[in-house]
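Quick notes on the structure that follows.
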Amino acid sequence: MKFSFLFRLWEQLLGAGITPETVASATSSSCMPAHAATTLGLLESLTIQLFVAQKKLEHRS
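For the record, in the sequence shown the residue sitting at position 36 is 896 according to my numbering, with numbers rising by one throughout.
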């Protein structure tokens with residue numbers, strides 16, 4: 861499968877308790893250094909994209 865690496869990553873993120881919701885709540889913390897907020901912002905974007913891709917594949921099946 862072309863996206864198998866991304867889905868393994870997604871499964872690992874979910875296994876670690878990282879979801880779009882948990883990342884979004886961490887990103888909204890006001891006492892976070894800028895570099896951490898940037899990293900979490902990128903992680904938030906990635907988790908949302910992976911979540912959407914997973915849902916699209918589920919609907920195809």
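For glycine and all other residues, C-beta sits at the position ideal for the given N, C-alpha and C.
CB contact flag (residue i, residue j, <8 Å)
| i | j | result |
| --- | --- | --- |
| Trp880 | Glu904 | For clarity, residue 880 is Pro in the given sequence; the question names Trp instead. Yes. |
| Leu873 | Thr898 | no |
Cβ-based burial, residue i [other Cβ within 10 Å; buried from 16]
| i | result |
| --- | --- |
| Leu910 | buried |
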